[in-house]
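Enquirer: Using this note's numbering, the first residue of the sequence shown is number 1, and each one after it goes up by one. This is the structure I have questions about; it appears just below.
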Amino acid sequence: MPAKELSKSCMECKDAEFDLIARKRQLCSSCFRRFIAHKVQSRLSVYRAFGLDGPKTQLLLPVSFGVSSSVLLHILNTDRQHRLDNGRPLGYDFKILIIEPSTVAATGVPFDKNYEALEKNFPMHTISRIPFHSIFDYVPEVEDIMQEYAGSKFTDDSTRSNEDRLAAFRASISTPTSRADVDTVLLTRLIVEFAKKSGCESVIWGDSDSRLAAKALAGVAKGRGASLTWQVSDGMSPWGVRFEYPLRDLYKAELLQYASVCAELSDIVIPDQPPSENVLTKNLSIDELMLRYVQNQGAKYPGVMANVARTANKLNPSTSDNAPTCALCASLVGNVQGNSGVTVANQAEDNHSSQFCYGCMRSRPGELC
């Protein structure tokens, strides 16, 4: 009996009708998933090679229930299971960290069911769930840093709960851009310290090419250009933990397509809220503005947006030895050799200024940003 003719066959396997179009190639669901997974696996191949003859490298994957980190988790888990089934060496393993979304932003979106679905679909992994305010436990010095950073506009009360203390500090920062900027720094420090205390050598971030492009543009606009070498690039962070971005070769639209053909992700991913057209530009942070810009322009000119992240990834980190670093974000402070930052103009007037970089100074309470 002759084989059934396919009206629109997959350009890769030729055995099934295509379901999706990836970079002008018509692919079936299976071939599309392999295409996406290969992009990720090639970025992490160095860990697989290093772990062949010794203990597996431990990685930490922060999951926000967004599509990007959830897709990355699914790809890594599928690869792990495939290797176990075929008796092939793993080379690396990973732990999952969830910082409770409700403690980061009051979105009103419940996520307990998403967490239960995560535990059900990925039972072989260590999943840790911590609140944002646990930063006081993982980074004890942060309470002194917060007090010095906020200055006289904020008074820390150690008798209050850690949740209330963090809320009070965040409330002392007035502008949307500054709040988003400081939140990102604090979240990064919390994740890094959790990774170190969990024995993880690297943090693997679920940032797509689109997200990295937006971060690069926002970082420059906020005066954080010197820190792009770890905010958007693979390599060592200032805290002694490597940062890896395995999704850097993939667009956000492609990750949405991947999630659409994986039924198990439907109960895990919290869909992005559509951007409101009624919000005034002045009420949006620079990060939100750049993300909207990249998403809009990326749909028209994906290659141009991809070049933004690729160009930032070529930057070399500063190599100054014994140079002062920012107490909050660990960037270099002032104009020292190898630093592309900017010296804070009012250092002589403010003793605290010498402890913080230009980017952090712009987000301090009382500063215009």
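Glycine is no exception: its CB is placed at the ideal position from the N, C-alpha and C atoms. Owing to the predicted nature of the structure, the values given are computational and were not obtained by experimental measurement.
With H, G and I counted as helix, E and B as strand and the rest as coil, what does DSSP make of V203?
Expert: Sequence index remark: in the sequence shown, residue 203 carries index 203 (1-based). Of the three classes helix, strand and coil, the one that applies to V203 here is strand, per DSSP.
Enquirer: Which one of P123, K153, L97, T155 has the shortest CA to CA distance from R129?
Expert: If you number the sequence shown from 1, residue 129 lands on position 129. Nearest option by C-alpha distance: L97.
Enquirer: What three-state label does DSSP hand Y92 in the structure shown?
Expert: The count along the sequence shown starts at 1 and reaches residue 92 at position 92. Looking at Y92 - three-state DSSP - the assignment turns out to be strand.
Enquirer: Quick check: what's the CA-CA separation for A16 versus C31?
Expert: Start at 1 with the first residue of the sequence shown, and residue 16 comes out as number 16. Start at 1 with the first residue of the sequence shown, and residue 31 comes out as number 31. Rounded to whole angstroms, A16 to C31 spans 10 Å at the Cα level.
Enquirer: Starting from the Cα of H38, find the closest Cα among I75, I127, P302 and give me that residue.
Expert: On the sequence shown, residue 38 is found 38 positions in, with the first residue counted as 1. Comparing Cα positions, the closest option is I75.
Enquirer: Can you grab the Cα-Cα spacing for the pair S64 / C10, in whole Å?
Expert: Sequence index remark: in the sequence shown, residue 64 carries index 64 (1-based). Sequence index remark: in the sequence shown, residue 10 carries index 10 (1-based). If you take the alpha carbons of S64 and C10, they lie about 33 Å apart.
Enquirer: With DSSP as the reference, identify every bridge partner of P62, one or two as the case may be.
Expert: Here the question's residue 62 lines up with position 62 in the sequence shown. Paired residue(s): L97.
Enquirer: Taking all protein chains shown into account, do 16 or more other C-beta atoms lie within 10 angstroms of the C-beta of T177, making it buried, or fewer, making it exposed?
Expert: Within the sequence shown, numbered from 1, the residue matching residue 177 stands at position 177. Buried: at least 16 other Cβ atoms inside 10 Å.
Enquirer: Suppose you measure from the CA of V192 to the CA of V46; what does that come to, to the nearest Å?
Expert: Your numbering for residue 192 matches position 192 in the sequence shown. Your numbering for residue 46 matches position 46 in the sequence shown. Whole-angstrom Cα-Cα distance: 21 Å.
Enquirer: For N114, I'd like the list of residues in its chain whose CB is within less than 8 Å of its CB, leaving aside the five on either flank, ordered along the chain.
Expert: The residue labelled residue 114 in the question sits at position 114 within the sequence shown. Correct list, in chain order: F65, D267, I268, V269, I270.
Enquirer: Mind checking who I75 pairs with in its DSSP beta bridge?
Expert: Stepping through the sequence shown from its first residue, residue 75 is reached at position 75. None, per the DSSP bridge assignment.
Enquirer: Name the residue from S233, D249, L250 whose alpha carbon lies nearest to the alpha carbon of F243.
Expert: Your numbering for residue 243 matches position 243 in the sequence shown. With distances taken between Cα atoms, F243 lies closest to S233.
Enquirer: Could you tell me the boundaries of the beta strand (DSSP E) in which S152 lies?
Expert: Locating residue 152 in the sequence shown gives position 152, counting from the first residue. No beta strand (DSSP E) holds S152; DSSP gives it neither H nor E.
Enquirer: Which whole runs of the alpha helix (DSSP H) in the segment 154 to 200 are 4 residues long or more, in chain order?
Expert: The qualifying runs are 162 to 171, 176 to 197.
Enquirer: By how many angstroms is the C-alpha of Q26 removed from the C-alpha of K215?
Expert: By 1-based counting over the sequence shown, the position of residue 215 is 215. By 1-based counting over the sequence shown, the position of residue 26 is 26. Distance between the alpha carbons of K215 and Q26 is about 31 Å.
Enquirer: Roughly how many angstroms separate the alpha carbons of G303 and L250, rounded to a whole number?
Expert: Residue numbering aside, residue 303 sits at position 303 when the sequence shown is read from its first letter. Residue numbering aside, residue 250 sits at position 250 when the sequence shown is read from its first letter. Using only the alpha carbons, I get a separation of about 11 Å.
Enquirer: In terms of alpha-carbon separation, which member of M361, P365, L328, C357 lies closest to D144?
Expert: Here residue 144 refers to the residue found at position 144 when the sequence shown is read from its first residue. Closest option to D144, Cα to Cα, is L328.
Enquirer: Which residues in the same chain have their Cβ closer than 6 Å to the Cβ of Q355, if we skip the five residues on either side of it in sequence?
Expert: Position 355 of the sequence shown holds residue 355. So the qualifying residues of the chain are A327.
Enquirer: With DSSP run on the structure shown, which of helix, strand or coil describes F356?
Expert: Taking the sequence shown and counting its residues from 1, one reaches residue 356 at position 356. DSSP places F356 in coil when its eight states are reduced to three.
Enquirer: Counting only the same chain and skipping the five closest in sequence on each side, list residues whose C-beta sits under 6 Å from that of P62.
Expert: Sequence index remark: in the sequence shown, residue 62 carries index 62 (1-based). Same-chain partners within the cutoff: L97, I191.
Enquirer: Could you give the distance in angstroms between the alpha-carbon of K222 and the alpha-carbon of S210?
Expert: Mapped onto the sequence shown, residue 222 falls at position 222. Mapped onto the sequence shown, residue 210 falls at position 210. So the alpha carbons of these two residues sit roughly 18 Å apart.
Enquirer: With a threshold of 16 other CB atoms inside 10 Å of the CB of D287, please say whether the residue is buried or exposed.
Expert: Against the sequence shown, residue 287 aligns to sequence position 287. Classification of D287: buried, given that the 10 Å Cβ count is 16 or more.
Enquirer: Helix, strand or coil for G338, going by three-state DSSP, please let me know.
Expert: As a position in the sequence shown, residue 338 is number 338, starting the count at 1. Since pLDDT at G338 reaches only 42, below the 50 mark, its modelled position is unreliable, and the value read off the structure follows with that caveat. G338: coil per DSSP, three-state reduction.
Enquirer: Under the three-state reduction of DSSP, which class applies to Q26: helix, strand or coil?
Expert: Here residue 26 refers to the residue found at position 26 when the sequence shown is read from its first residue. Of the three classes helix, strand and coil, the one that applies to Q26 here is strand, per DSSP.
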